[in-house]
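Residue numbers (the numbering used here), protein chains in the order written: chain U, 1 to 376; chain F, 377 to 752; chain G, 753 to 1128; chain H, 1129 to 1504. Even for Gly, the Cβ is constructed at its ideal location relative to N, Cα and C. Reviewing the structure listed below.
4 protein chains.
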Amino acid sequence: MTLEVGVLGYRFMGKAHANAMARLPMFFPDAPEIERSVLVGRDEEALADAADRFGFESTATDWEAVVDDVDVFYNLGPNHVHPEPSIAALEAGTPVFCEKPLAPTLEEAERMAEAAREAGDDVPAGCAFNYRFVPAIQYAKGLLEDGELGEIRHVRGRYLQDWLVDPDAPWSWRLDEEMAGSGVLGDLGAHTVDLVRFLVGDDDLAGDIERLSGHLQTFVDERPVEGQDETRPVTVDDAYSAQLEFANGAVGTLEASRYATGHKNDHTIEIHGSQGSLRFSLERLNELEVHREGDRGYETILVTDEDDPYVDHWWPPGHVLGWEHTFVHENYEFLSAVAAGEADAFEPSFEDGLAAQRILAAIQEGDERGEWVSLE
Amino acid sequence: MTLEVGVLGYRFMGKAHANAMARLPMFFPDAPEIERSVLVGRDEEALADAADRFGFESTATDWEAVVDDVDVFYNLGPNHVHPEPSIAALEAGTPVFCEKPLAPTLEEAERMAEAAREAGDDVPAGCAFNYRFVPAIQYAKGLLEDGELGEIRHVRGRYLQDWLVDPDAPWSWRLDEEMAGSGVLGDLGAHTVDLVRFLVGDDDLAGDIERLSGHLQTFVDERPVEGQDETRPVTVDDAYSAQLEFANGAVGTLEASRYATGHKNDHTIEIHGSQGSLRFSLERLNELEVHREGDRGYETILVTDEDDPYVDHWWPPGHVLGWEHTFVHENYEFLSAVAAGEADAFEPSFEDGLAAQRILAAIQEGDERGEWVSLE
Amino acid sequence: MTLEVGVLGYRFMGKAHANAMARLPMFFPDAPEIERSVLVGRDEEALADAADRFGFESTATDWEAVVDDVDVFYNLGPNHVHPEPSIAALEAGTPVFCEKPLAPTLEEAERMAEAAREAGDDVPAGCAFNYRFVPAIQYAKGLLEDGELGEIRHVRGRYLQDWLVDPDAPWSWRLDEEMAGSGVLGDLGAHTVDLVRFLVGDDDLAGDIERLSGHLQTFVDERPVEGQDETRPVTVDDAYSAQLEFANGAVGTLEASRYATGHKNDHTIEIHGSQGSLRFSLERLNELEVHREGDRGYETILVTDEDDPYVDHWWPPGHVLGWEHTFVHENYEFLSAVAAGEADAFEPSFEDGLAAQRILAAIQEGDERGEWVSLE
Amino acid sequence: MTLEVGVLGYRFMGKAHANAMARLPMFFPDAPEIERSVLVGRDEEALADAADRFGFESTATDWEAVVDDVDVFYNLGPNHVHPEPSIAALEAGTPVFCEKPLAPTLEEAERMAEAAREAGDDVPAGCAFNYRFVPAIQYAKGLLEDGELGEIRHVRGRYLQDWLVDPDAPWSWRLDEEMAGSGVLGDLGAHTVDLVRFLVGDDDLAGDIERLSGHLQTFVDERPVEGQDETRPVTVDDAYSAQLEFANGAVGTLEASRYATGHKNDHTIEIHGSQGSLRFSLERLNELEVHREGDRGYETILVTDEDDPYVDHWWPPGHVLGWEHTFVHENYEFLSAVAAGEADAFEPSFEDGLAAQRILAAIQEGDERGEWVSLE
């Protein structure tokens, strides 16, 4: 059986997922057979061009006609387009793979998670936090699960970009609260929050985040619209930070910015446990720095060995992977869950997306109230 | 004229300052002539031994007899011993060089600063934040003052040690609120807060810290007393973090811990401005990473050139300095101010020590109240 | 017009090139249209399986029937299979893309280059030194051509692997002189020599290598045959080094090993010129370290900006590429030259392959004679 | 008993050793008591000033009167002044500590070593290769001796400086064959050769260097004399490289330059053994990178723990040392050997200096003959 995949969104994320699907047969031959069936968008010309480039059979401008027609629905549109099509698809019993953050608001994320629950055990609903699928992150997860770092004391996550440093950089939908929900918080912070939950969320590591203090800041209030003689207001956060307290007493700090001069896509995670520590940086995604019990410093591990997660599908040791490979891995896992008809077989799920959203909402609430916020 | 120096404290800091004073004649020949005159402590035997090693003429167990007898008084004792002898010396018109943090409590720090003010313009009162005197930090300061980084957006400071990771590591006075005032906050956080003030505190950079959110955590509540069959309670913080907002809207995060497995003395400062960025790490203290306008990444600068701050006093380019050199530099500056009889000629002063203490106190207050705290 | 591509070899290199060809339409839409037409090999079962995975229309066990039937011929077999099929294809007027090193012996490389010359100006004959196509290497080439490093004084290249550290690691064809021609020298050294020629070979940089001293070493003389109760002799070099002198007086050192414990695929190039320096490491292939006139240290550049070589075809800044992308780039360039019918439009050519081989042969000769060898 | 020390040379090395001697009482209280007795030089004014700064009792312009008057003689003059005073001192039974390289020529080094042999077992004759006394190097030595790296396969040493990159940088005695003996070879190469011998010279590691190929290059033939309107010829090497073969079959490459743009004092050693590897860089001299059996990458060790070599004499973990500390350590060891009257108690000895010189001479011979040279 060939799974017919419908995809909403044909820009950055559309390209990343189309490429991932195209590469499965050669590198993951046991992945389910799929057809890039229909690409959904509004601008017909751009859409047709993208469909041609990305290898889709057809195009559609109306997602409603698509969501119950296909075997799988990918929601890769801007954040404000995440809820309705995803819910409609789930109501039609169609598995959904939705980009992060799950929704612009917590309320919408809750509705989406509810729809996923109601769709049942055989309808996977995945939230595409691709960084879980970096081999080095999977390797880190393994170390943590095996107790190599002991009980967790400290977590540090930050995501630094610099594309807004110039106050004349143009306005985009990502700077509009209506369309994006939030700024760096949802765009970058969501990734960090998900990785933190993924890596140390187990009860015998650090457990859930119980309390936090949040801070949001906007440095430049309005920006020029490209090609037009006007400016539009920036209604989202340019930077955020948070202090965390976990169930076991561990503490953490989170941070992201689009004003970190000199940093392009610098997502780093640092964890200190009672027996070891680790560090990861997305710009060197093939590497993991690990300090184990008895070590004196960090060992820089190139996570490209044959028995490292996913690596046997690719190239010999030392032949490094890139950013895009994370999408191949997550597509493989998600589509396998779809083919198996097992919602549980894929994480991060909509529940994970919702959990991340709760934390993001609490950060926002903490910023507004100037107080620490408890997550029940 | 030879300055007679009296020093209270003969352990770690006593050794560091004694060494610094001993090295001045060879490397800073224009430094004032001094005599290591009297070393003050309580344990006569240990004191005599230290005085012999550190090159002091005499010893005393009673600081009161010393503070107006000498030309300069160094207060290098535990934090709770900072206030009274320092105030007494200043009241006697004796310049004081006091280790950081200035005092265990904000109230005591205020009394000390008041004493310094009353001692007058010709009596220097310095707070020994030695990290200001790392050549790379002075070089960074120069870049910032010259506007090379533009307006500051982000500041990140953290100080990681790991000597308490083991829950059976012994109790010490540093873990007692009475004697130490606080834990990492005063011991490590004070350094970070001072460097942040020093580097970005100018109004055209980031300005003062206006609001902050603080968090303190104690991971292990009691510890064994070395050589005795008992435990004592840990009454200070094992780790702290803070979120900052500066006068110009810049944001910051601070953090320190004694539970950061794998980190010995890892004090890092990172700053992003509208035109550039910089990074410093104490464990590689001869280096500064700088991103200037037009650069694409960070340039790793070995701050050991002839025209780098203080370097011409030492060795040729590339012959790296160590941690202890910061003490030589600050002693040179402080003693020169004493010889000149100009309180203004030395910073960080007791006022700087007090300003740092206000921020530390606000962090503590924020932690207690679970709220953001404004610094007037 | 669609180019029919015939490919000999279906293992590591077969997979790398098949993947590259498969990715062209999505990322290089102006690449010529191609069909992966026929895959050539000896083991019919493995071949059929590979053809299926790699997306080939058909298979063949006899290359002679293929080389003039297809529009382009890729020779990706073991080194000893490079000469005859490549020459036959060129004699049939079929463009050839041949893996490196061009041939097992200098004599055969000369015959291949001669065949390429005779095939004429419209028949590209490329030697697949893929590392020329790393964006950071292309960026380095641009800096060098622009004179940013001035006149070259020093070149340093080394390629470190560790898959033979264990004396019981199994024998393979790469350890047999008949099949491989040489050991690390042809396998790894060829890459380094080609990069050195590519980067500094211009007369106003360092010019040609004029003299050299070579050294080859075999550490383990025989190795077990996998799955069999016998050993076979290792008849090639396990490590090599060379000292170089260039036309302009610049000096260099080269080195490679399969016994460099802890190094998987560590190919580094370092160049010092009269005005600047640069460093590259394959395991961090998205980065280039550059020291320009007036700099004090090296700037670490992430070569993933939109205007960096090839990067606009892929992802936004900071979204790193992997090892395999070099194959996409070289396939794009080679196939474009084929479509244009311009042999000159693609480098490295068979002439470049031959030039590298001359240097490798001189290294070998220098080792045998224990003398410096001049390259006329 | 107080050892009276006479020192010839009061520039860079004079300062380094005077400082080292001055620091012994505070940090190495069990070091022999010494008196900086007499400083020897030619320029009386500069000499008097230096003696004052460096804490010497007296000065002398005639070394002959000094060498048998003092208890210990330090020869820190330019290379061509090493032989005669050192030999005279030894003939007078005075222990000698001589800077490296031991002599300008092999013949003179042989005479010096002969004098040391004849002086007898109770007269230490040390060659001041200070880099043996970096804690990280001593730690590396310990690992190697314990067999942690197994049998050695590869050694790589290079020493990069850039103070001659500018062709108008002034002439100095270091560029004159008469006075310096050689250029980088003796100045920088001597350090590398000594470290290689020290670290891997044991028979169960790599053993002696048996054969080598050498290369010397001078990039700029004459240079202006500072403050004068003339140039003088550069009669020494600006750069050298060598290929090595050790007794056990291990191979090595050495290299140094004063034209390595962007490198100030970059002395690196890399060693690969059958079970592990290590890397050291002088510009980060507190660190050692170690790969042990079972590791996947290098662990970056900060060699500042209490039980690391010499560290307990200084500061707590993580409080880094500088370049000058190596002199304190070697002075401690050398003076202790003098006090004990045991020539054997100190290494590197004149024999070690001679052994290094033999290798340097062979490199020079190899360059002249264009052939590999055997060391008998």
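Sequence-distant residues of its chain with Cβ nearer than 7 Å to residue i (five each side left out)
{"i": "Thr300(U)", "result": "Glu287, Glu289"}
{"i": "Ala892(G)", "result": "Leu951, Leu1030, Phe1032, Leu1040"}
{"i": "Leu1413(H)", "result": "Val1262, Ala1264, Trp1451"}
Close-in-space but distant-in-sequence residues of the same chain around residue i (CB under 8 Å, 5 per side omitted)
{"i": "Gly1425(H)", "result": "His1419"}
{"i": "Phe28(U)", "result": "His313, Val328, Tyr332"}
{"i": "Arg1164(H)", "result": "Val1133, Val1135, Ala1146, Met1149, Ala1150, Phe1182, Gly1183, Phe1184, Glu1185"}
Closest Cα partner of residue i within the set the options
{"i": "Arg1386(H)", "options": "Gln890(G), Trp815(G), Leu1034(G), His906(G)", "result": "His906(G)"}
{"i": "Ala1490(H)", "options": "Phe1478(H), Leu1503(H), Gly1498(H)", "result": "Leu1503(H)"}
{"i": "Glu409(F)", "options": "Leu654(F), Val381(F), Thr435(F)", "result": "Val381(F)"}
{"i": "Pro135(U)", "options": "Arg369(U), Ala355(U), Pro309(U), His263(U)", "result": "Pro309(U)"}
{"i": "Leu482(F)", "options": "Leu561(F), Glu723(F), Asp538(F)", "result": "Leu561(F)"}
{"i": "Gly1275(H)", "options": "Glu1421(H), Val1501(H), Asp1435(H), Ala1483(H)", "result": "Glu1421(H)"}
{"i": "Glu1383(H)", "options": "Asn1376(H), His1400(H), Val1324(H)", "result": "Val1324(H)"}
{"i": "Lys1228(H)", "options": "Pro1476(H), Asp1495(H), Glu1273(H)", "result": "Pro1476(H)"}
{"i": "Asp1330(H)", "options": "Gly1169(H), Leu1271(H), Ala1367(H)", "result": "Leu1271(H)"}
{"i": "Gly431(F)", "options": "Ala422(F), Val446(F), Asp444(F), Leu415(F)", "result": "Leu415(F)"}
Buried or exposed by the 16-neighbour rule on C-beta atoms within 10 Å, applied to residue i
{"i": "Asp981(G)", "result": "exposed"}
{"i": "Ser434(F)", "result": "exposed"}
{"i": "Thr1189(H)", "result": "exposed"}
{"i": "Met1129(H)", "result": "exposed"}
{"i": "Phe1478(H)", "result": "buried"}
{"i": "Ala817(G)", "result": "exposed"}
{"i": "Val225(U)", "result": "exposed"}
{"i": "Phe710(F)", "result": "buried"}
{"i": "Asp1171(H)", "result": "exposed"}
{"i": "Pro609(F)", "result": "exposed"}
Proximity test, Cβ basis, 7 Å: residue i and chain A
{"i": "Ser281(U)", "result": "Judged by its chain identifiers, the structure shown contains no chain A, and its protein chains are U, F, G and H."}
Bounding residues of the alpha helix (DSSP H) (the contiguous stretch that carries residue i)
{"i": "Arg949(G)", "result": "942-952"}
{"i": "His1395(H)", "result": "That residue, His1395(H), is in no alpha helix (DSSP H); its beta strand (DSSP E) goes 1394-1401."}
{"i": "Gln733(F)", "result": "726-745"}
{"i": "Val66(U)", "result": "63-67"}
Endpoints, beta strand (DSSP E) assigned at residue i
{"i": "Glu1461(H)", "result": "That residue, Glu1461(H), is in no beta strand (DSSP E); its alpha helix (DSSP H) goes 1453-1468."}
{"i": "Leu288(U)", "result": "287-291"}
{"i": "Pro233(U)", "result": "231-233"}
{"i": "His906(G)", "result": "904-912"}
{"i": "Arg279(U)", "result": "277-281"}
{"i": "Glu4(U)", "result": "3-8"}
Beta-carbon contacts of residue i that lie in its chain and below 6 Å, excluding the five residues immediately before and after
{"i": "Pro1223(H)", "result": "Val1200, Val1251, Pro1252, Val1466"}
{"i": "Gly694(F)", "result": "Thr680"}
- prompt: Got a sec: which bits of the region 1428-1450 of chain H sit with their beta carbon under 9 Å from any beta carbon on chain F, in order along the chain?
  reply: Leu1430, Thr1432, Asp1433, Trp1442, Trp1443, Pro1444, Pro1445, Gly1446, His1447, Val1448, Leu1449, Gly1450
- prompt: Between the region 1136-1157 of chain H and chain F, which residues of the former have a C-beta closer than 9 Å to a C-beta of the latter?
  reply: Phe1140, Lys1143, Ala1144, Ala1146, Asn1147, Ala1150, Arg1151, Pro1153, Met1154, Phe1155, Pro1157
message: Can you pull out the residues from the region 696-721 of chain F whose beta carbon lies closer than 8 Å to at least one beta carbon of chain G?
response: none
field: Contacting positions in the region 447-480 of chain F - beta carbon closer than 9 Å to chain G
entry: none
message: Please list, in chain order, the residues of the region 540-556 of chain F that have any C-beta partner in chain U closer than 7 Å.
response: Val541
field: Contact set between the region 880-900 of chain G and chain F, restricted to residues whose Cβ is under 8 Å from the partner
entry: none
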